[in-house]
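The numbering used here applies: residue 1 is where the sequence shown begins, and numbers increase by one.
Where is the CB? At the ideal position from N, CA and C, for every residue including glycine.
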Amino acid sequence: MWLDGDLLRLDALDLPPGLDLLLADGPALAPDLYRHLRRLPGDALLNPQEFSFLPPVPGRKILCAGLNYHSHALETAMPSVDFPNLFIRFSDTLVGHGQALQIPPVSTQLDYEGELAVVIGKAAGPLAPENALDHVAGYTIFNDASVRDFQFRGSQWTLGKNFPATGGCGPALVTADELPRGAHGLFLQTEIDGVLLQDGNTADMIFDVAALVSAVSIVTPLAAGDMIVTGTPAGVGFTRQPPRFLRPGEICTVRIEGLGALINPVAPALRSRAG
C-alpha cells in the first residue's frame, strides 16, 4: 500500500488477509484504516526504490476492450460498433512497474498502448450499467503492448496480445473514491524516452467504464480482482508513418491523471532453450 510516496506494510495494519477480501470490503474498511494510519509502528513504512514491483492485482480474468476511443478508431479507420470489442489477456503476460517489457525474438513490432484498467471489487453476475460502478474497487495503469505482426495474422487478436512480458501494469491500485466517478475525464499520456506519443482523455471512450463492466458481466461472472482494460487513445506506433515500434533500451511511460506513472524499460526477450 502507498502512503505519501512510501510503501506501507500491510501486516502493520489489521486488514483482511486476502486481496479478494480487501478489495471487496475496501469502503467498509476505510474508517478502521484511517484509525490505524494514525498510530503506525516506526518500521511500517518502506522505501519503494528498494523493491521490485509486481502487477498490483493478480488478475484472475483480464478482459480488454479494443478500439474503444473515438480518436483511436478514427486513426485506424475501423468501422464503429454497437457492442464493445473484447479480447482476453493472460495474467502471466504482465510485468510490474519498473520491470522490462520484452520484445519477442520472433518480432520487431512490439507497440505501446497506454490504457486505464478497471479492478473489480466484488462478485457480480449480469449488471445493468447504472449498477456496474458499485462493483468497481479501483483503477490502475495498463500498457497493453501488442506484437502487431502476430496480432494481425488473423481476425482474432489473442496471439499478438499474449507473448510473455509484453504488458505492463501498475504501479498501484487507486480506489474508486479517489477519482471522478467512472474515472471519467482523466488525462492519459504515453511517452517513449520523454517524447509524447499519446495524449488522450478517458472522456473520449466510446463505451465508458460502466458500459464495459456491464457488457463483460453479461458474458462471464465477475469476481474481486478481475480486470477490465478500457482501450487506448490515438497515437499508437503502427498507425504512424513510418511505423514506430518499441526498441531495446528505450523507456516507455504511461501517465494517467490521479494514478501516477507506469514506467517500463524495453529489452529483447531471452530466447528459450526449449525444443
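Look at the beta carbons and you see the segment 206-218 touching the segment 52-70: at least three pairs across the two are nearer than 8 Å. Distance from the CA of LEU186 to the CA of VAL106, rounded to the nearest whole angstrom, comes to 36 Å. With fewer than 16 other Cβ atoms from the protein chains shown falling within 10 Å of its own Cβ, ILE218 counts as exposed. Using a 10 angstroms sphere on the CB of GLU113, the tally of other CB atoms reaches 16 or more, which defines it as buried. When only Cα atoms are considered, GLY167 and GLU130 end up about 31 Å apart. When DSSP states are grouped into helix, strand and coil, PHE150 belongs to the helix group. Taking ALA165 as the centre and dropping the five residues before and after it, the same chain places the C-beta of VAL95, GLN102 closer than 6 Å to its C-beta, in chain order. Judged by beta-carbon spacing, ASP111 lies within the 8 Å limit of SER146, meaning their Cβ atoms are closer than that value. For ASP92, the secondary structure class from DSSP, reduced to helix, strand or coil, is helix. Beyond the five residues adjoining it in sequence on each side, ALA124 comes within less than 6 Å, by CB distance, of HIS135, SER217, LEU222 in the same chain, given in chain order.
ARG181 carries a helical assignment under DSSP once its states are collapsed to helix, strand and coil. Here the segment 75-91 makes no contact with the segment 251-265; the two share fewer than three CB pairs at distances below 8 Å. As a beta-bridge residue in DSSP terms, GLN198 pairs with THR190. DSSP lists ILE141 as the beta-bridge partner residues of GLY170. Around ILE251, the same chain offers ASP193, PRO265 as residues with beta carbons nearer than 6 Å, after the five sequence neighbours per side are excluded. Around the CB of ARG148, 16 or more other CB atoms lie within 10 Å, so the residue is classed as buried.
Here GLU115 carries a strand assignment [DSSP, helix/strand/coil]. Cβ neighbours of TYR69 within its own chain (closer than 8 Å, five residues either side excluded): GLY200, ASP204, MET205, ILE206, GLY231, THR232, PRO233, ALA234. For the pair GLN99 and PHE152, the CB atoms are not nearer than the 8 Å cut-off. For LEU212, the uninterrupted alpha helix (DSSP H) run begins and ends at 209-219, by DSSP.
Secondary structure at THR108: coil, using DSSP grouped into helix, strand and coil. DSSP, read as helix, strand or coil, puts GLY260 in strand.
Around the C-beta of ASN47, fewer than 16 other C-beta atoms lie within 10 Å, and the residue is accordingly described as exposed.
Annotated three-state conformation of ASN131 is helix, per DSSP.
Taking all protein chains in view, the Cβ of GLY154 is surrounded by fewer than 16 other Cβ atoms within 10 Å, so the residue is classified as exposed. Residue burial is scored here from C-beta neighbours: ALA77 has fewer than 16 other C-beta atoms within 10 angstroms and is therefore classed as exposed. Of all alpha-carbon atoms in ILE263, ALA117, LEU196, the one lying nearest the alpha-carbon of ARG244 is that of LEU196. A Cβ-Cβ separation of about 13 Å leaves THR202 out of contact with VAL174 under the 8 Å criterion.
About 4 Å separates the beta carbon of ALA224 from that of LEU23, a gap short enough to meet the 8 Å contact definition.
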